[in-house]
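Written out below as structure tokens is the structure these notes cover.
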Amino acid sequence: MFEIMKTFGEEFKNEWWRDLFQVAFRIFDVMKLAEEQNEKREWMRTTCNHALYAVVDVFTQYYSVLSTILLTNIYEQLYWCAQQENEQLARSAINCLESLILLNGSKFTSSMWDETIVLIANIFNITLPHS
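Under this note's numbering, the first residue of the sequence shown carries the number 1, and numbering increases by one thereafter.
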């Protein structure tokens, strides 16, 4: 699906992008179900992990279109992944956020930076050790 987005994305309308990313984000919904822990770990390690990186790749490739319609949704997904007990998925979310900022930050508006800083602060707060 992500390869189709990368190849044909120039022809997509904004509504199509929203719909496609809603489908893509459903990949992570599996993690919200009560299932076998081993299956969940494997799902996080493989599918979720790869999907996160693919989301950032597509976002970066079509930044001019996607930045105004999907940045908030992508940040919500990265935040959700960062909260997970699976360290690899949480680390991947942070790596993807870093990559997204490094590749696109120079084009951010001030409101995008505000949203980015709030996300970073929220991630920082959820990763602090609690007594």
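Note that beta-carbon positions come from the ideal geometry of N, C-alpha and C, so glycine has one too.
Query: For T63, which residues in the same chain have their Cβ closer than 6 Å to its Cβ, ignoring the five residues on either side in sequence?; Result: The identity of residue 63 in the sequence shown is Tyr, whereas the question assumes Thr. Answer for Y63: N104, listed in chain order.
Query: Rounded to the nearest angstrom, how far is the Cβ of I69 from that of F59, given a contact under 8 Å?; Result: At roughly 10 Å, the Cβ-Cβ gap does not stay under 8 Å, so I69 and F59 are not in contact.
Query: Helix, strand or coil for H50? Go by DSSP, reduced to three states.; Result: helix
Query: From H50 to E115, what does the alpha carbon distance come to, in whole angstroms?; Result: 24 Å
Query: Do V65 and C96 have their C-beta atoms within less than 7 Å of each other?; Result: no
Query: Would you mind reading off the limits of the alpha helix (DSSP H) that contains Q83?; Result: Looking at the DSSP string, Q83 is not in any alpha helix (DSSP H), and its letter there is neither H nor E.
Query: Just the C-alpha distance for A93 and E87, rounded to the nearest angstrom, thanks.; Result: 10 Å
Query: Please return the same chain residues whose Cβ sits closer than 8 Å to the Cβ of T158, not counting the five positions on each side in sequence.; Result: Only positions 1 to 131 of the chain appear in the structure, and residue 158 is not among them; the question remains open.
Query: Could you tell me the boundaries of the alpha helix (DSSP H) in which I4 lies?; Result: 2–8
Query: Count the other CB atoms, across all protein chains shown, that sit within 10 Å of the CB of I126; report buried if there are 16 or more and exposed otherwise.; Result: exposed
Query: Using a Cβ-Cβ cutoff of less than 6 Å, which residues in the same chain neighbour D19 once the five nearest sequence positions on both sides are dropped?; Result: none
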